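>
2 protein chains.
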Amino acid sequence: MDEIIFSLEPGGARPVFLELSEALIAAITAGRLRPGQRLPGTRALARTLGLNRNTVDAAYQEAVLQGWLEARASSGTYVARDLPDGTAPSGGTAKNAPVAAAKVRTAQPRLSFSDGAPDVRLLPVAEIARALRRVLRGPDLRASGAYGDPRGAQALREQLAQHLAAQRGLAIDADDVLVTRGSQMALFLAARCLAAQGAAIAMEEPGYPLAAAAFRAAGLRVVGVPVDESGLSLTALEQTVTTDPSLRAVYVTPHHQYPTTVTLGATRRVALLDLARRHDFTIIEDDYDHDYRYDGRPVLPLGARAGGDVRLVYVGSLSKLLAPGLRLGYAVAPPELLGPMAELRQAIERQGDLPLELAVAALMREGDLWRHLRKSRRIYEDRRDALCDLLRARLGDRLAFTKPVGGLALWARLGQGQDAGRWSAAAAAQGLAVTPASAFCLHGETAPQAFRLGFAGLDGREMAEAVDLLARASEEVR
Amino acid sequence: MDEIIFSLEPGGARPVFLELSEALIAAITAGRLRPGQRLPGTRALARTLGLNRNTVDAAYQEAVLQGWLEARASSGTYVARDLPDGTAPSGGTAKNAPVAAAKVRTAQPRLSFSDGAPDVRLLPVAEIARALRRVLRGPDLRASGAYGDPRGAQALREQLAQHLAAQRGLAIDADDVLVTRGSQMALFLAARCLAAQGAAIAMEEPGYPLAAAAFRAAGLRVVGVPVDESGLSLTALEQTVTTDPSLRAVYVTPHHQYPTTVTLGATRRVALLDLARRHDFTIIEDDYDHDYRYDGRPVLPLGARAGGDVRLVYVGSLSKLLAPGLRLGYAVAPPELLGPMAELRQAIERQGDLPLELAVAALMREGDLWRHLRKSRRIYEDRRDALCDLLRARLGDRLAFTKPVGGLALWARLGQGQDAGRWSAAAAAQGLAVTPASAFCLHGETAPQAFRLGFAGLDGREMAEAVDLLARASEEVR
Chain A
303 MDEIIFSLEP GGARPVFLEL SEALIAAITA GRLRPGQRLP GTRALARTLG
353 LNRNTVDAAY QEAVLQGWLE ARASSGTYVA RDLPDGTAPS GGTAKNAPVA
403 AAKVRTAQPR LSFSDGAPDV RLLPVAEIAR ALRRVLRGPD LRASGAYGDP
453 RGAQALREQL AQHLAAQRGL AIDADDVLVT RGSQMALFLA ARCLAAQGAA
503 IAMEEPGYPL AAAAFRAAGL RVVGVPVDES GLSLTALEQT VTTDPSLRAV
553 YVTPHHQYPT TVTLGATRRV ALLDLARRHD FTIIEDDYDH DYRYDGRPVL
603 PLGARAGGDV RLVYVGSLSK LLAPGLRLGY AVAPPELLGP MAELRQAIER
653 QGDLPLELAV AALMREGDLW RHLRKSRRIY EDRRDALCDL LRARLGDRLA
703 FTKPVGGLAL WARLGQGQDA GRWSAAAAAQ GLAVTPASAF CLHGETAPQA
753 FRLGFAGLDG REMAEAVDLL ARASEEVR
Chain B
303 MDEIIFSLEP GGARPVFLEL SEALIAAITA GRLRPGQRLP GTRALARTLG
353 LNRNTVDAAY QEAVLQGWLE ARASSGTYVA RDLPDGTAPS GGTAKNAPVA
403 AAKVRTAQPR LSFSDGAPDV RLLPVAEIAR ALRRVLRGPD LRASGAYGDP
453 RGAQALREQL AQHLAAQRGL AIDADDVLVT RGSQMALFLA ARCLAAQGAA
503 IAMEEPGYPL AAAAFRAAGL RVVGVPVDES GLSLTALEQT VTTDPSLRAV
553 YVTPHHQYPT TVTLGATRRV ALLDLARRHD FTIIEDDYDH DYRYDGRPVL
603 PLGARAGGDV RLVYVGSLSK LLAPGLRLGY AVAPPELLGP MAELRQAIER
653 QGDLPLELAV AALMREGDLW RHLRKSRRIY EDRRDALCDL LRARLGDRLA
703 FTKPVGGLAL WARLGQGQDA GRWSAAAAAQ GLAVTPASAF CLHGETAPQA
753 FRLGFAGLDG REMAEAVDLL ARASEEVR
């Protein structure tokens with residue numbers, strides 16, 4: 303008996319349960335799992351895969367919602383006999399192969415539209431290596447003692463404060479900054495310090511799934527608030543705030559909404575700050591790729607306008623400027639919140655990576671980082687334009703989009719009757735990874751039919767090939 | 303009116319509340335705070351310092367317990383009128399200066415007995431810089447995609463599995479290993495995955511304070527179990543386990559107990575595993591400086607003997623081999639625990655620092671790391687011997703110790719009538735940092751009178767000077 307080996311990518315942008323549900327769906331479309339076949343219990347599969355049982359549960363539910371699996375009361379979960387329209391399992395050799403996997407393996411598709419990552423090939427490696435070498439040999443590391451400040455290296459906090467004051471209008475100094483492991487840890491720390499028995503946080507839907515993961519891991523209940531063509535709906539948020547007294551915080555991505563890329567309108571910004579004032583909740587503002595703006599001027603963050611009467615945590619990342627593998631982010635918050643966040647950070651991991659922090663501070667001070675930013679911004683602007691041109695030429699009748707004014711991704715809305723999940727599965731079979739909107743929704747069934755297409759990691763040839771694969775996959779699911 | 307500026311070292315090995323209580327005590331001994339002076343409320347001081355109010359509370363309590371402060375019911379906290387014996391506030395110029403501080407500042411003593419950190423000056427910087435440069439320029443970083451595996455780089459997990467199998471007798475492979483940010487994050491992740499409403503964890507007392515911080519941050523209640531000259535008391539542990547049904551886990555440092563450096567005896571090891579089997583709790587074994595053993599053979603960890611019927615999380619660190627600022631640790635755990643730990647790690651910080659992980663994997667594969675270990679082990683052995691000789695010569699009548707067979711610290715027990723807190727405060731005034739046993743105790747009042755003297759970071763000249771300062775401070779508090 304053959305075993306079905308799932309190829310999961312736990313490092314991807316998507317929650318593990320979605321990876322697993324898509325692996326299940328891929329196994330069904332490939333004929334490795336047959337209609338009517340019984341799946342193993344969630345407990346057993348969780349043990350085999352080394353996953354949490356809740357994760358497997360969520361994956362099964364997702365696939366049930368999409369029509370690929372059927373849950374039968376007190377009997378278990380089965381591959382649906384009546385598969386989603388047009389799916390003819392492709393024969394296949396495995397007959398009712400048992401679902402199991404010795405290990406979770408990491409597989410890479412040939413090409414990916416990321417969720418908005420920069421191109422690691424552009425990384426200024428010579429400059430970074432030189433800066434690290436100088437730090438490792440220099441006096442700063444020793445002068446700082448064996449262990450460092452859990453708030454991050456003073457030199458880096460100073461550089462970040464200067465940069466954020468100059469570029470983002472924040473009236474801060476180094477003591478207002480906490481260096482973290484990417485924005486991810488900043489979100490976790492803020493959420494955990496705001497968490498209390500039964501407390502909730504509101505976030506955009508569709509929104510950033512790893513933010514939801516951070517908030518849940520911190521012990522907060524996550525409530526979705528709809529997003530429209532001007533960003534977060536303030537009407538919906540006000541209703542949520544008014545009816546849910548346990549709401550402690552609102553997470554928002556005003557500059558380029560994640561995943562739809564729209565900028566939160568000026569009126570809504572004022573309304574959001576006003577709402578926070580009246581209902582005394584904390585705003586967590588994620589300004590994640592503010593450095594990339596191609597058309598018009600960057601919009602200043604809420605943090606620049608909040609004033610002392612709004613409690614706001616401003617979160618950002620250097621990973622979009624360098625590489626996702628170099629984990630550097632930061633939080634700016636009032637002292638009564640930043641203090642506990644720094645203490646928690648110490649409890650979690652003691653401190654950050656001091657050599658890396660000092661090296662990046664040097665790259666900022668000496669301008670290398672800004673030269674790299676200017677260079678990559680030009681390249682990414684070209685890639686955005688190339689993607690827009692290719693999509694219009696090849697897929698103009700099947701999807702619509704607004705050219706993004708900044709950021710590293712494009713939001714493509716599919717035409718009537720098209721299914722992003724099936725299209726994405728067909729693309730995966732061709733070796734192209736593309737993320738459907740359901741991956742960004744707390745409730746998959748209400749997800750719009752759309753893709754988030756991160757363009758920064760694809761050069762001209764790769765972009766043409768990726769759009770070609772996307773167009774071919776579209777033919778298959780027509 | 304002058305303000306009292308506290309110099310805190312939030313990056314130190316000690317919890318922030320201890321730093322604060324010692325800063326308060328230092329301000330009293332220096333005469334900057336006068337007997338009878340009223341201290342600000344905990345809420346106000348917490349806000350000014352950007353600390354959690356609980357931290358300030360704990361600091362006040364600690365200073366009250368030591369006799370430096372007095373709490374008066376419904377009136378507040380005051381500097382004690384009757385200061386601990388022999389403390390004559392040294393005149394001073396500040397008259398009842400208000401207690402406040404604009405910012406928490408970082409100050410460094412001139413010399414430190416660390417809590418057991420390696421000497422960062424021995425770091426093989428050329429080798430590390432070369433390895434990082436190769437990684438940044440090479441194909442591995444790109445091949446791994448923009449984002450990496452939240453369990454850590456495959457290459458590093460393979461090297462760690464091989465090393466732990468060969469050196470520590472663990473029957474594991476790469477898939478059993480989760481790379482973390484130092485052992486600190488491994489402790490937090492394990493604890494958070496074991497946490498449940500009202501659950502408790504037992505740990506050695508005296509024990510590792512940052513472990514307690516990690517467990518509390520994860521939501522566990524921490525219960526202390528006494529340590530004697532053979533390590534953790536199994537009699538006391540059995541009593542705790544039997545009477546406290548909420549106990550989910552036991553944290554233990556069997557190789558070199560932290561802070562007392564003793565090795566857990568063979569009979570107790572068998573008894574601990576047996577107890578875990580019978581009462582179904584998880585053992586968290588911290589094998590933190592197993593690489594440093596000078597006399598006799600290293601003792602294999604519990605993890606090598608546990609068998610499949612004991613649930614055990616084995617935790618270790620590469621920070622003791624390299625530098626504390628390079629945050630690399632690891633956890634080995636059964637899949638049903640390692641899976642959720644990896645998921646939580648992703649929620650907290652997405653992934654580790656891929657370039658650093660790949661570079662260290664290369665240093666392990668090519669042997670540079672082991673050459674560095676052999677070299678530094680010889681140096682630390684000499685430093686241990688030098689410290690023992692100096693202590694016997696200068697302070698033989700005032701403290702006693704057993705020469706540690708391994709590790710990077712020595713446990714010095716003070717003679718009758720001597721007060722480690724006062725001695726340590728007098729040393730601090732001389733520019734020498736030395737940590738009293740109370741810093742390692744959940745309940746300061748039961749702390750033994752002892753010091754943990756980390757010797758690895760002091761060369762011959764510094765060691766002589768540090769012991770000289772310690773001896774002088776001892777004269778002052780005689």
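Those sequence lines, one after another, are chains A and B.
When you read off a place in the first sequence, starting at 1, and then add 302, the result is the number in the working numbering.
When you read off a place in the second sequence, starting at 1, and then add 302, the result is the number in the working numbering.
Every residue gets a Cβ at the ideal spot worked out from N, C-alpha and C, and that includes glycine.
Please read all numbers here as calculations on a predicted model, not as lab measurements.
Starting from residue 481 of chain A, follow the beta strand (DSSP E) in both directions and report where the run begins and ends.
Position 179 of the first sequence, counted from the first residue, corresponds to residue 481 of chain A. Where residue 481 of chain A is concerned, the enclosing beta strand (DSSP E) stretches over 479 to 482.
> Does residue 629 of chain B come within less than 8 Å of chain A when only Cβ atoms are used?
As a working mapping, residue 629 of chain B is identified with position 327 in the second sequence. Judged by the 8 Å Cβ criterion, residue 629 of chain B is in contact with chain A.
> In chain order, which continuous runs of the alpha helix (DSSP H) of length 4 or greater are located wholly inside the segment 472 to 512 of chain B?
484 to 496
> To the nearest angstrom, how far is the alpha carbon of residue 607 of chain A from that of residue 543 of chain B?
As a first step, residue 607 of chain A is located in the first sequence; it is residue number 305 there, counting from the start. As a first step, residue 543 of chain B is located in the second sequence; it is residue number 241 there, counting from the start. Here the C-alpha atom of residue 607 of chain A lies approximately 54 Å from the C-alpha atom of residue 543 of chain B.
> Going along the chain, which residues of its own chain have a beta-carbon closer than 7 Å to the beta-carbon of residue 661 of chain A, five neighbours each way excluded?
The count along the first sequence starts at 1 and reaches residue 661 of chain A at position 359. Listed in chain order, the non-local C-beta contacts of residue 661 of chain A below 7 Å within the same chain comprise 430, 433, 434, 437, local neighbours out to five positions each way being set aside.
> Just to confirm, are residue 773 of chain A and residue 760 of chain A a CB contact at a threshold of 8 Å?
By 1-based counting over the first sequence, the position of residue 773 of chain A is 471. By 1-based counting over the first sequence, the position of residue 760 of chain A is 458. Contact flag unset, no.
> Please report the residue range of the beta strand (DSSP E) in which residue 756 of chain B lies.
Residue 756 of chain B sits at position 454 when you count from the first residue of the second sequence. Its beta strand (DSSP E) spans residues 752 to 756.
> Given this structure, state the Cα-to-Cα distance separating residue 344 of chain A from residue 372 of chain A, to the nearest angstrom.
Position 42 of the first sequence, counting from 1, holds the residue named residue 344 of chain A. Position 70 of the first sequence, counting from 1, holds the residue named residue 372 of chain A. Going from the Cα of residue 344 of chain A to the Cα of residue 372 of chain A covers about 14 Å.
> Answer with yes or no whether the minimum CB distance from residue 358 of chain A to chain B is below 8 Å.
By one-based count along the first sequence, residue 358 of chain A stands at place 56. With 8 Å as the cut-off, residue 358 of chain A does not count as an interface residue toward chain B.
> Give, in chain order, every residue of the segment 648 to 660 of chain A whose Cβ lies closer than 8 Å to some Cβ of chain B.
648, 649, 650, 651, 652, 653, 654, 655, 656, 657, 658
> What three-state label does DSSP hand residue 584 of chain B in the structure shown?
By 1-based counting over the second sequence, the position of residue 584 of chain B is 282. Three-state DSSP puts residue 584 of chain B in a strand.
> Using a beta-carbon distance below 8 Å, is residue 757 of chain A in contact with chain B?
In the first sequence, counting from the first residue as 1, residue 757 of chain A sits at position 455. So, not an interface residue.
> May I have a chain-ordered list of the alpha helix (DSSP H) segments no shorter than 4 residues that lie completely inside the segment 677 to 732 of chain A?
722 to 731
> Is the CB-CB distance between residue 415 of chain A and residue 722 of chain A below 8 Å?
Against the first sequence, residue 415 of chain A aligns to sequence position 113. Against the first sequence, residue 722 of chain A aligns to sequence position 420. No, Cβ-Cβ distance for residue 415 of chain A and residue 722 of chain A is not below 8 Å.
> With distances taken from CA atoms, which of A:492, A:521, A:320, A:360 is nearest residue 501 of chain A?
Position 199 of the first sequence, counted from the first residue, corresponds to residue 501 of chain A. Ranking A:492, A:521, A:320, A:360 by Cα distance to residue 501 of chain A puts A:521 first.
> Would you identify the three-state DSSP class for residue 429 of chain B, choosing helix, strand or coil?
Residue numbering aside, residue 429 of chain B sits at position 127 when the second sequence is read from its first letter. Residue state, collapsed to three classes: helix.
> Drop a sphere of 10 angstroms on the beta-carbon of residue 537 of chain B, count the other beta-carbons inside from all chains shown, and report buried for 16 or more, exposed for fewer.
Your numbering for residue 537 of chain B matches position 235 in the second sequence. The residue is exposed, with fewer than 16 neighbouring Cβ atoms inside 10 Å.
> Within 10 angstroms of its Cβ, does residue 677 of chain B collect 16 or more other Cβ (buried), or is it exposed?
The residue given as residue 677 of chain B occupies position 375 in the second sequence. Burial call: exposed.
> With DSSP run on the structure shown, which of helix, strand or coil describes residue 524 of chain B?
Numbered from its first residue, the second sequence carries residue 524 of chain B at position 222. Strand at residue 524 of chain B.
> Give the DSSP-derived three-state secondary structure of residue 455 of chain A in the structure shown.
Within the first sequence, the letter at position 153 stands for residue 455 of chain A. Coil.
> Taking any Cβ of chain A, which residues in the segment 536 to 547 of chain B have a Cβ under 7 Å from it, in chain order?
none
> Could you tell me which chain D residues have their CB closer than 8 Å to the CB of residue 438 of chain B, listed as they occur along the chain?
Included in the structure are the protein chains A and B, with no chain D among them.
> Can a CB atom of chain A be found closer than 8 Å to the CB of residue 408 of chain B?
Counting from one through the second sequence, the residue named residue 408 of chain B turns up at place 106. Its pLDDT being 34, under 50, residue 408 of chain B is placed unreliably by the model, and the measurement read from it follows with that caveat. Answer yes: the Cβ-Cβ gap between residue 408 of chain B and chain A drops below 8 Å somewhere.
> Just to confirm, are residue 584 of chain A and residue 614 of chain A a CB contact at a threshold of 8 Å?
Counting from 1 along the first sequence, the entry for residue 584 of chain A is found at position 282. Counting from 1 along the first sequence, the entry for residue 614 of chain A is found at position 312. Yes. Within cutoff.
> Is the CB of residue 450 of chain B under 8 Å away from at least one CB in chain A?
Mapped onto the second sequence, residue 450 of chain B falls at position 148. Closer than 8 Å to some Cβ of chain A, the Cβ of residue 450 of chain B qualifies, so yes.
> Note down the Cα distance separating residue 618 of chain B from residue 600 of chain B, rounded to an integer number of angstroms.
By 1-based counting over the second sequence, the position of residue 618 of chain B is 316. By 1-based counting over the second sequence, the position of residue 600 of chain B is 298. Roughly 15 Å separates the two Cα atoms.
> Can you pull the chain A residues whose beta carbon is under 8 Å from the beta carbon of residue 556 of chain B, in chain order?
Numbered from its first residue, the second sequence carries residue 556 of chain B at position 254. None at all; the shortest Cβ gap to chain A is about 22 Å.
> Terminal residues of the continuous alpha helix (DSSP H) containing residue 762 of chain A?
Numbered from 1 along the first sequence, position 460 holds the residue referred to as residue 762 of chain A. Residue 762 of chain A -> alpha helix (DSSP H) spans 762 to 778.
> Would residue 483 of chain A pass as an interface residue toward chain B - the criterion being a Cβ-Cβ separation below 8 Å?
To locate residue 483 of chain A, count along the first sequence from 1; it is residue 181. Chain B, which has a Cβ nearer than 8 Å to the Cβ of residue 483 of chain A, makes this yes.
> What residues in its chain sit with their C-beta under 6 Å from that of residue 635 of chain A, if we drop five residues either side in the sequence?
Position 333 of the first sequence holds residue 635 of chain A. Closer than 6 Å at Cβ, skipping near neighbours: 615.
> At a CB distance below 7 Å, what residues from the segment 477 to 502 of chain A approach chain B? Give them in sequence order.
The segment 477 to 502 of chain A vs chain B, Cβ under 7 Å: 477, 483, 484, 486, 487, 490.
> Anything in chain B within Cβ reach of residue 709 of chain A, meaning under 8 Å, just list it in chain order.
Here residue 709 of chain A refers to the residue found at position 407 when the first sequence is read from its first residue. Under the 8 Å cutoff, chain B gives no residues; its nearest Cβ is about 15 Å from residue 709 of chain A.
> Tell me the rounded alpha-carbon separation between residue 248 of chain B and residue 573 of chain A.
Residue 248 of chain B is absent from the model: chain B starts at 303 and stops at 780.
> If contact means a Cβ-Cβ distance below 8 Å, which residues of the segment 635 to 646 of chain A contact chain B?
637, 638, 640, 641, 642, 644, 645, 646
> If you drop the 5 nearest sequence neighbours on each side, which residues of the same chain put their C-beta closer than 8 Å to that of residue 327 of chain B?
To locate residue 327 of chain B, count along the second sequence from 1; it is residue 25. So the qualifying residues of the chain are 365, 368, 370, 723, 727.
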